[in-house]
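In this text, residue positions in the sequence shown follow the working numbering: the first is 273, and each later residue adds one.
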Amino acid sequence: MYPRAFHYHRASSLKEAVAMLSQLGDDAKLLAGGQSLIPLMKLRFANPQHLVDLNFVPGTSYIKEEGGALRFGALTRHAEIENSATAAKIPILHDCAAGIADVQVRNRGTIGGSLAEADPSGDWAVVLMTLSTEVCCLGAKKTRTVPLSDFIKDAYTTALAHDELVSEVVVKAPPKGSGGAYIAFKRSAPVYPTASAAVQLIMDGDVCKDVVIALGCVGLTAIKAKDAEAALRGQRITDKALSAAMEAARAAADPQSDMRGSTDYKRALVGALVKRAIEVAMRRAHGEQVEVGHIYA
Ligand SMILES: Cc1cc2nc3c(=O)[nH]c(=O)nc-3n(C[C@H](O)[C@H](O)[C@H](O)COP(=O)(O)OP(=O)(O)OC[C@H]3O[C@@H](n4cnc5c(N)ncnc54)[C@H](O)[C@@H]3O)c2cc1C
């Protein structure tokens, strides 16, 4: 289906895009990669009267290493992150970018658009939640920096005001001894995961000093599995500790039954994904180069 007619506006700077949003009001939407917005418009679930295109704003697509952090311009495409040696210094970022949909979607979709969309099935929020991540929000009067945990409010709901946009995403580099992994289970490449697990931990020998575990697609937003983290923190990662973390992750999940699987199925699945992600994260924390890919049905 074709979208309803709309007015197209091309912004030449992020400031101009914000000014356009203020001027055009609630009927205006930003266009980044278009990989969520355009399908919604074609299905007529979204019917904006004005589109403000960010794609011609110079200097919005970059990956910079600066002051112990990686900085991503809002329009940095998933594919640029997938192919970036700088981003690969935090391996969980590569796991995420390389597993999103297919090449076509990764070539267009952006990190800023993904966070702004806050799709409960989106991959970036799950992964970035395990790291120290801040979202820079540019408004008409000022830029504010919002921790990711405060940025995503609910399914499809963020802390952005109507006349604000995501200008940059800043990810602090994890400390020495860290390792992370992101594993999703998918029915095929160009679909969202059935469930996913992101783990970022710090090892001191064979003891887990600290860990963050986030679950994807099993709730309205990414879920922090706090009891699963507690089962590992300060412990040697034995089979018993792994089983306790798996069980706690299953208990933390709050999945909906849908075409991707039943509630029980997703709960069982997410526990297994957490276990695999912990195992890979541990090996990476010990300096091993481990390639990890999503699991396909
Ligand atoms: C077939 C298919 C499969 C997919 N599979 C996956 C998947 O497995 N995992 C996954 O994570 N994603 C998946 N996606 C979504 C894809 O990752 C999108 O890129 C992403 O959700 C949105 O990014 P975008 O740049 O395309 O945003 P757009 O579609 O352009 O915009 C999305 C929303 O965010 C707003 N927006 C965009 N940029 C900004 C900004 N800088 N500041 C504020 N608001 C902004 C827009 O106004 C709009 O409301 C899939 C998409 C398709 C079409």
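The C-beta atom is built at its ideal place from N, Cα and C for all residues, glycine as well.
Under the three-state reduction of DSSP, I372 is assigned to coil, being neither helix nor strand.
If you look at L323, you'll find it in the beta strand (DSSP E) that goes H322 to D325. For H366, the shortest separation between its Cβ and any heavy atom of ligand 1 does not lie below 8 Å. Taken atom to atom, the span from the alpha-carbon of S386 to that of R378 is near 11 Å. Note that the region 486-504 does not touch the region 552-563; fewer than 3 beta-carbon pairs, one per stretch, sit closer than 8 Å.
When the alpha-carbon of A470 is set against those of A390, V290 and M401, the nearest one is in M401. Remark: the shortest separation between the CB of G305 and any heavy atom of ligand 1 falls under 8 Å.
By the CB criterion at 9 Å, A467 and K538 fall inside the cutoff.
With a cut-off of 8 Å on Cβ pairs, the region 544-554 is in contact with the region 518-526, counting three or more such pairs. Shown here for T535: same chain residues with a beta carbon closer than 8 Å to its own, the five before and five after excluded, namely P527, Q528 and S529 in chain order.
D435 and L293 do touch by the CB rule: their CB atoms are close to 4 Å apart, below 8 Å. In summary, A346 is buried, with 16 or more beta-carbon neighbours lying within 10 Å of its beta-carbon over all protein chains present. Not one heavy atom of ligand 1 lies closer than 8 Å to the C-beta of G411.
In this structure the region 404-412 lies against the region 425-442, because at least three pairs of beta carbons, one per stretch, are closer than 8 Å. Residue environment: V479 is assigned as exposed (fewer than 16 neighbouring CB atoms within 10 Å of its CB, all protein chains considered).
Bridge partners of D426 according to DSSP: T429. In terms of side-chain proximity, the C-beta atom of G371 is found nearer than 8 Å to a non-hydrogen atom of ligand 1. At least one heavy atom of ligand 1 is found less than 8 Å from the C-beta of P311.
The beta-bridge partner set that DSSP reports for K301 consists of L323.
Nearest in C-alpha terms to L303, of all of E354, V483 and A388, is A388.
In this chain, the alpha helix (DSSP H) harbouring L514 covers D511 to A524.
In the DSSP assignment, Y454 falls within the unbroken beta strand (DSSP E) covering S450 to K458. Taking the Cα of S450 as reference, the smallest distance to any Cα among K414, G491 and L403 is reached at L403. Beyond the five residues adjoining it in sequence on each side, A370 comes within less than 6 Å, by CB distance, of E354 in the same chain, given in chain order. Contact check for L473 and A553: beta-carbon distance about 5 Å, within the 8 Å limit, so the pair qualifies. In terms of CA proximity to M273, L315 leads the group I372, L315 and L309. With a threshold of 16 other beta carbon atoms within 10 Å, F344 meets it and is buried.
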